[in-house]
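>
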Amino acid sequence: MSEPAETFSREQWTSFFGVDSPIARMPKAEAAFFSAIDLAPIDWMTIRDLMTLGKLDEDRPLLVVLALLFAAMAEGSLCLELTRAHVGRLAAGSRGLPAFRHIFDTIDTFITHLADNRYHRLITTRRSNRYPLVFESGAGTQRLYFQKYFFHEKRLHDTLRAFLAADPPADISSPAGDAIVADLFSDDHVLRLGRNGHPIVRDPDQIAALRRALDARLTIISGGPGTGKTSVMVNIVRGLARAGIPARRMALVAPTGRAARRMTEAITRLLPTVRRLTETDRDLLSLSGSTLHKALRYSRYHNGFYYRRRNPLPADAVIIDEVSMVDVVMLARFLDALDTARTRLILIGDKDQLPSVEAGAVFAEMIPSGDRAGLFKDHLIVLKKNYRAGTALSRLAAAINHGRFPDAPPMDFQAALTGPDDGWAVVRPLSDPHWQTCLRHWVNRYFLSPPGAAATPAEGYRHRLATAGKMAWQDHLSIAAGRETLRALFALIGRAKILTLLRQGNRGCEGINAIVEHFLARGLGSYRDPVSGLFSGSVIMMTRNDYDRGLFNGDIGLALRDNGGRLRVCFQQTDGYQSYSADQLPAWEPAFAVTVHKSQGSEFDDVLIVLPEDVKHRLLTREIIYTGITRARRRVMIYGRRSTIETAISHRLSRQSGLVWDDPPGAS
Numbered sequence: 001m002s003e004p005a006e007t008f009s010r011e012q013w014t015s016f017f018g019v020d021s022p023i024a025r026m027p028k029a030e031a032a033f034f035s036a037i038d039l040a041p042i043d044w045m046t047i048r049d050l051m052t053l054g055k056l057d058e059d060r061p062l063l064v065v066l067a068l069l070f071a072a073m074a075e076g077s078l079c080l081e082l083t084r085a086h087v088g089r090l091a092a093g094s095r096g097l098p099a100f101r102h103i104f105d106t107i108d109t110f111i112t113h114l115a116d117n118r119y120h121r122l123i124t125t126r127r128s129n130r131y132p133l134v135f136e137s138g139a140g141t142q143r144l145y146f147q148k149y150f151f152h153e154k155r156l157h158d159t160l161r162a163f164l165a166a167d168p169p170a171d172i173s174s175p176a177g178d179a180i181v182a183d184l185f186s187d188d189h190v191l192r193l194g195r196n197g198h199p200i201v202r203d204p205d206q207i208a209a210l211r212r213a214l215d216a217r218l219t220i221i222s223g224g225p226g227t228g229k230t231s232v233m234v235n236i237v238r239g240l241a242r243a244g245i246p247a248r249r250m251a252l253v254a255p256t257g258r259a260a261r262r263m264t265e266a267i268t269r270l271l272p273t274v275r276r277l278t279e280t281d282r283d284l285l286s287l288s289g290s291t292l293h294k295a296l297r298y299s300r301y302h303n304g305f306y307y308r309r310r311n312p313l314p315a316d317a318v319i320i321d322e323v324s325m326v327d328v329v330m331l332a333r334f335l336d337a338l339d340t341a342r343t344r345l346i347l348i349g350d351k352d353q354l355p356s357v358e359a360g361a362v363f364a365e366m367i368p369s370g371d372r373a374g375l376f377k378d379h380l381i382v383l384k385k386n387y388r389a390g391t392a393l394s395r396l397a398a399a400i401n402h403g404r405f406p407d408a409p410p411m412d413f414q415a416a417l418t419g420p421d422d423g424w425a426v427v428r429p430l431s432d433p434h435w436q437t438c439l440r441h442w443v444n445r446y447f448l449s450p451p452g453a454a455a456t457p458a459e460g461y462r463h464r465l466a467t468a469g470k471m472a473w474q475d476h477l478s479i480a481a482g483r484e485t486l487r488a489l490f491a492l493i494g495r496a497k498i499l500t501l502l503r504q505g506n507r508g509c510e511g512i513n514a515i516v517e518h519f520l521a522r523g524l525g526s527y528r529d530p531v532s533g534l535f536s537g538s539v540i541m542m543t544r545n546d547y548d549r550g551l552f553n554g555d556i557g558l559a560l561r562d563n564g565g566r567l568r569v570c571f572q573q574t575d576g577y578q579s580y581s582a583d584q585l586p587a588w589e590p591a592f593a594v595t596v597h598k599s600q601g602s603e604f605d606d607v608l609i610v611l612p613e614d615v616k617h618r619l620l621t622r623e624i625i626y627t628g629i630t631r632a633r634r635r636v637m638i639y640g641r642r643s644t645i646e647t648a649i650s651h652r653l654s655r656q657s658g659l660v661w662d663d664p665p666g667a668s
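Put into structure tokens, the structure is as follows:
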């Protein structure tokens with residue numbers, strides 16, 4: 001779900017479509033409707049092209065339905081449901097306007113025209129790739145799709161049903177599964193946490209998740225922060241290895257490079273805590289997480305993936321982490337490359353997090369809610385016990401999930417910035433000059449001063465940058481002192497993050513990054529490259545995949561100057577570090593502040609969540625507040641009005657699709 005782009009005025013519509021177009025002659029009520037749905041100019045251009053393609057330039061019902069379809073796409077839906085509830089909500093728009101009753105009559109006219117075959121050049125009612133739009137009618141609901149989303153939704157639907165219908169694995173008997181679980185929790189082999197090496201708790205839900213992964217082709221695990229998803233994932237891998245699946249036949253995948261790296265780190269961090277590692281466990285240390293794209297081996301030459309339906313991924317077990325972040329198209333393509341008769345599939349995520357930036361909310365839709373039994377009820381385990389439940393941040397996240405926000409007086413920014421650990425605060429918003437002062441305080445605390453009151457200057461960001469500047473860039477990567485400097489710097493930039501809902505404006509990540517970079521470059525006395533704008537100490541995020549260099553959308557880079565004055569950008573890889581000159585990089589953006597969507601799969605000690613000034617902004621949802629808060633391990637500051645927060649948590653994100661999971665596998 002993207003930030004709204006600049007919208008057309010009626011005069012611009014008339015100029016763009018022509019004085020004789022339906023828009024030029026539309027009544028005031030329809031003009032208000034088109035204003036309410038907030039479409040971008042590129043959407044109107046596509047609508048015009050579609051109407052021209054169908055030779056339907058004068059068809060006003062088609063114009064209205066296409067506008068509604070693009071509005072549905074903007075909120076992340078896969079389709080436009082032609083129901084009064086969905087159309088009424090879209091027609092009301094993001095400005096609190098009343099529903100437009102006349103739109104329902106227009107929809108009825110559209111359905112009549114469709115039945116009369118008026119749209120035969122543009123819309124099909126069958127599975128055909130010759131038409132840009134697909135109309136589907138069934139189970140009392142009529143839906144309009146773009147061809148791409150219809151195709152991938154149906155393919156995902158069929159693949160998941162194939163997993164449900166597949167015979168369960170025959171390689172583990174029930175007694176053998178019990179023995180594996182008992183061994184994993186024995187004193188010699190149990191995973192241990194914390195400085196004192198306490199064994200992990202034998203949590204009933206975690207045990208159920210482990211047994212399901214051993215016994216079934218498909219396992220779905222959902223849990224919030226602190227519920228043990230990481231230790232469950234590591235124990236599942238260990239259990240599968242004990243069942244005879246070697247590490248080389250397992251695949252650990254995630255939607256972003258950062259999330260994939262965390263899977264690798266979980267293996268390498270938790271396995272050594274076992275008192276007596278078996279050879280089976282040692283073999284698992286070779287496992288490395290991968291992005292979904294990389295696992296399928298994307299080929300630029302063929303403009304597709306090496307692994308696909310006719311050449312499935314050679315894996316007996318696949319674990320996908322952070323599934324809530326995966327959009328329908330990518331998940332459909334990935335699952336299409338799995339052999340449903342051979343592969344165990346384990347999906348792990350948090351059903352309450354934001355869905356993917358792209359279309360769909362697959363993971364949340366798979367989780368039964370209310371009285372719904374759900375198709376996946378026998379394959380789903382929800383981790384309920386929160387082992388951080390005593391913390392203020394966990395209580396805050398739980399309250400928000402239940403639609404409540406605890407009472408708290410607004411605080412001054414500096415007071416919130418230096419508040420106690422395991423705390424949260426609402427910061428009263430200020431005018432622009434004062435807001436910039438707040439950001440200067442943020443820069444001073446996290447980048448220009450040592451990281452703690454008792455810390456020495458040698459532990460600060462400035463000192464580590466200076467140390468890196470005395471080395472050749474090759475030494476950053478190859479010698480122990482260079483790697484230690486990079487490790488410390490990446491730890492420092494991972495301590496805190498500013499999260500926004502918007503990209504543009506003074507409360508969007510673009511505006512905030514510009515201010516932070518200005519204060520930081522000036523405070524460090526760093527020279528900014530005139531072409532890239534980078535300086536030693538800049539933090540960036542990749543926004544496009546580069547398979548040749550192993551860089552992926554969401555990867556974080558740190559710009560450093562070496563002893564020759566050369567400026568290069570370093571990236572933390574699972575097996576070390578890599579660096580590139582700025583002109584070698586694909587698209588990137590500054591990353592001192594990122595959107596909440598971009599922050600998924602990451603955790604920081606301290607988080608500042610910046611809310612938009614518009615209290616009715618359509619991005620304000622319970623899911624986005626919950627996701628932002630759960631990125632923090634220690635402290636959360638929410639910069640915005642309490643009324644804005646309350647509006648957000650009263651609004652649940654809604655995305656429409658045809659993925660209905662209420663019926664049994666044998667149903668049509």
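The opening residue of the sequence shown carries number 1 in our numbering; numbering runs sequentially from there. We put the beta carbon where it would ideally sit given N, CA and C, even for glycine.
1) What did DSSP end up calling GLY257 once you bin it into helix, strand or coil?
2) Which whole-angstrom value is the C-beta distance of GLY349 and VAL328, which I expect to be below 8 Å?
3) When DSSP labels each residue in this structure, what does ASN513 get in the three-state scheme?
4) Using C-beta distances below 7 Å, list every residue in its chain close to GLU646, excluding the 5 sequence neighbours before and after it, in chain order.
5) The beta strand (DSSP E) spanning GLN584 covers which residue range?
6) If you follow the beta strand (DSSP E) that LYS497 is part of, which residue opens it and which one closes it?
7) Alpha helix (DSSP H) containing GLY482: first to last residue?
8) Any idea if PRO98 is buried or exposed, counting beta-carbon neighbours within 10 angstroms, 16 or more meaning buried?
9) I'd like to know whether the C-beta atoms of ARG211 and ASP316 end up nearer to each other than 8 Å.
10) May I ask you to list the residues that DSSP assigns as paired with ASN669?
11) Report the rounded CA-to-CA distance for LEU417 versus TRP442, giving the unit in angstroms.
12) Let me check one thing: in DSSP terms, what residues is SER137 bridge-paired to?
13) Within this structure, are the beta carbons of PHE34 and ALA67 separated by less than 8 Å?
14) DSSP three-state label for ILE220, please.
15) If I measure Cβ to Cβ from MET542 and keep anything under 6 Å in the same chain, skipping five residues before and after, which residues do I get?
16) Does the distance from the CB of ALA359 to the CB of TYR149 come in under 8 Å?
17) Can you tell me whether ARG217 is buried or exposed, with buried defined as 16 or more other CB within 10 angstroms of its CB?
18) With three or more beta-carbon pairs closer than 8 Å as the criterion, would you say the stretch 231-245 touches the stretch 168-182?
19) Tell me whether ALA632 sits in a helix, a strand or coil according to DSSP, three-state version.
20) Rounded to whole angstroms, what is the Cα-Cα separation between TRP446 and ALA468?
21) Helix, strand or coil: which one does DSSP assign to HIS157?
22) Assuming PHE604 and ARG631 make a contact with CB atoms under 8 Å, what is their CB distance in whole Å?
23) Would you decide whether GLY576 is buried or exposed? Buried here means 16 or more other CB atoms lie within 10 Å of its CB.
24) May I ask which residues mark the beginning and end of the beta strand (DSSP E) holding MET541?
25) Would you decide whether TYR306 is buried or exposed? Buried here means 16 or more other CB atoms lie within 10 Å of its CB.
26) Specify whether the stretch 579-595 and the stretch 530-547 touch according to this definition: at least 3 beta carbon pairs, one from each stretch, less than 8 Å apart.
27) Alpha carbon to alpha carbon, what distance is there between ASN444 and SER536?
28) Does the distance from the CB of ARG652 to the CB of ASP606 come in under 8 Å?
29) In this structure, does DSSP put GLU623 in helix, strand or coil?
30) Let me check understanding here. Comparing Cα to Cα, which of ALA72, SER299, LEU477 and ALA415 lies closest to GLN578?
31) ALA213 to LEU354, Cα distance in whole Å?
32) Taking 7 Å as the limit between beta carbons, can you name the residues of its chain near GLU613, skipping five residues before and five after?
33) So, helix, strand or coil for ASP195, using DSSP?
34) Counting C-beta neighbours from all protein chains within 10 Å, is the total for PRO225 16 or more, i.e. buried, or is it exposed?
35) Less than 8 Å separating the beta-carbons of THR106 and VAL64?
36) Helix, strand or coil, according to DSSP, for ARG528 in the structure here?
Judging by the given coordinates:
1) Here GLY257 carries a helix assignment [DSSP, helix/strand/coil].
2) Going by Cβ atoms, the distance from GLY349 to VAL328 rounds to 14 Å, so no, they are not a contact pair.
3) ASN513: helix per DSSP, three-state reduction.
4) Taken in chain order, the residues that qualify are PHE405.
5) Run containing GLN584: none; DSSP gives neither H nor E here.
6) 496-500
7) 480-493
8) Since pLDDT at PRO98 reaches only 47, below the 50 mark, its modelled position is unreliable, and the value read off the structure follows with that caveat. Burial call: exposed.
9) In this structure, ASP316 does not lie closer than 8 Å to ARG211 by Cβ.
10) Residue 669 lies beyond the range of the chain shown here (1 to 668); nothing can be said about it.
11) For LEU417 and TRP442, the distance between alpha carbons rounds to 8 Å.
12) SER137 is bridged to GLN142.
13) yes
14) Strand, per DSSP.
15) LEU551, ASN553, ASP555 and TRP588
16) yes
17) buried
18) yes
19) strand
20) What sits at residue 446 in the sequence shown is Tyr, not Trp. Approximately 18 Å between the Cα atoms of the pair.
21) helix
22) Between ARG631 and PHE604 the Cβ distance is about 6 Å, and since that is below 8 Å, they are a contact.
23) exposed
24) 539-542
25) exposed
26) yes
27) 16 Å
28) no
29) helix
30) LEU477
31) Those two C-alpha atoms are separated by around 25 Å.
32) ARG507
33) The sequence given here has Arg at residue 195, not Asp. Correct three-state label for ARG195: coil.
34) buried
35) yes
36) coil
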